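Residue numbers (the numbering used here): 106 to 377. By construction, the Cβ of each residue, glycine as well, lies at the ideal position given by its N, Cα and C atoms. Just so we're clear, the structure is a prediction, and the values are computed from it rather than from any experiment. The block underneath contains the structure these notes are about, expressed in structure tokens.
This is the structure in structure tokens:
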């Protein structure tokens, strides 16, 4: 589907969304077309598809072209204008929610760094696909998936500032959400766009434990909670936290807590 140029698609935002998409679209600007100075109430990201323009924020003016992207931070006054000879075409998405700032920082954006550190033409094309999907009437979760895919492209770009903490937070969140399944360190590395060796360095620097150790700790801590708070059998607890073999689960649990699962249950349920 062709994007209807200049249309700003307003999007539904279910209550409680950790990432809320407000609107998206594409604009081919006339020579010299400008917006601002103005402030926004939410994050607004523009990605330049072609042409050139300027973006002014907090006393700094940036000359931008194809592959560049800029972030408007909530409450910060900005001004941007298309070039008089080669006006830009850009896509945009407005977003907010509890995951928004962390995700944008993982991409290298901040209040002090409103420009994408490295040009990434694929990011602009991904936002264009998001605008196409919105124009086609796709639902909230389909659009959310496209948005995460788009920002995943630039979160992996070399040169992103503060990438260690951003990658660590994303990896930990992925593990916390998926530990009941058969995830591996390779799965986590693939999800956040790092090599296994670099992911190991990120975890050791930020948590003092390897990725494999963090997965195991997450599973075993969840198992301890189930043993304390439910009447599930040890086998059921084992399968509920991502282990396939009760014997392997019991061995790992004993190593961490110094007691077998049933012994742990008896000791902790007696305290309740």
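- According to DSSP, residue pairing for residue 184 in a beta bridge involves 161.
- When rounded, the separation of the alpha-carbon atoms in residue 340 and residue 172 is 52 Å.
- Residues of the same chain with a CB within less than 6 Å of the CB of residue 324, apart from the 5 flanking positions on each side, are 284, 346 and 347 in chain order.
- When C-beta atoms of the stretch 150-164 are compared with those of the stretch 175-188, three or more pairs fall below 8 Å, so the two segments count as touching.
- With a contact defined as Cβ atoms closer than 8 Å, residue 202 and residue 123 qualify at about 5 Å.
- DSSP lists 194 as the bridge partner or partners of residue 155.
- A straight line joining the alpha-carbon of residue 193 with that of residue 204 spans about 30 Å.
- Taking C-beta separations shorter than 6 Å and ignoring five residues to either side along the sequence, the partners of residue 151 in its chain run 175, 195 and 197, following chain order.
- Annotated three-state conformation of residue 289 is coil, per DSSP.
- Taking a cut-off of 8 Å on C-beta distances, the stretch 272-283 does not touch the stretch 235-253, as fewer than three cross pairs fall below it.
- Linking residue 134 to residue 168 through their CA atoms gives a straight-line distance of about 16 Å.
- Taken through DSSP and simplified to helix, strand or coil, residue 146 comes out as coil.
- With a cutoff of 8 Å on beta-carbon distance, residue 148 and residue 199 are scored as near each other.
- Within 10 angstroms of the beta-carbon of residue 190 lie fewer than 16 other beta-carbons, which makes it exposed.
- Going by DSSP, residue 335 is part of no beta strand (DSSP E) at all; its letter is neither H nor E.
- Between the alpha carbons of residue 288 and residue 363 lies a gap of roughly 25 Å.
- In this chain, residue 214 is not harboured by any alpha helix (DSSP H), its DSSP state being neither H nor E.
- Of the other Cβ atoms in all chains shown, fewer than 16 fall within 10 Å of the Cβ of residue 242; this residue is therefore exposed.
- By the Cβ neighbour-count rule, residue 334 is exposed, with fewer than 16 other Cβ atoms within 10 Å of its own.
- Under the three-state reduction of DSSP, residue 129 is assigned to strand.
- For residue 162, the CB contacts under 7 Å within the same chain, skipping 5 residues up- and downstream, are 181, 183 and 219 in chain order.
- Bridge pairing for residue 199: 128 and 149 [DSSP].
- By the 16-neighbour rule on beta-carbons within 10 angstroms, residue 136 is exposed.
- According to the DSSP assignment, residue 235 belongs to the alpha helix (DSSP H) that extends over 226-240.
- Residue 332 places its beta carbon less than 8 Å from that of residue 342.
- Taking each of 321, 373, 330 and 338 in turn and checking the Cα distance to residue 356, the smallest one comes out for 321.
- Taking residue 295 as reference, the option from 360, 330 and 258 with the minimal CA-CA separation is 258.
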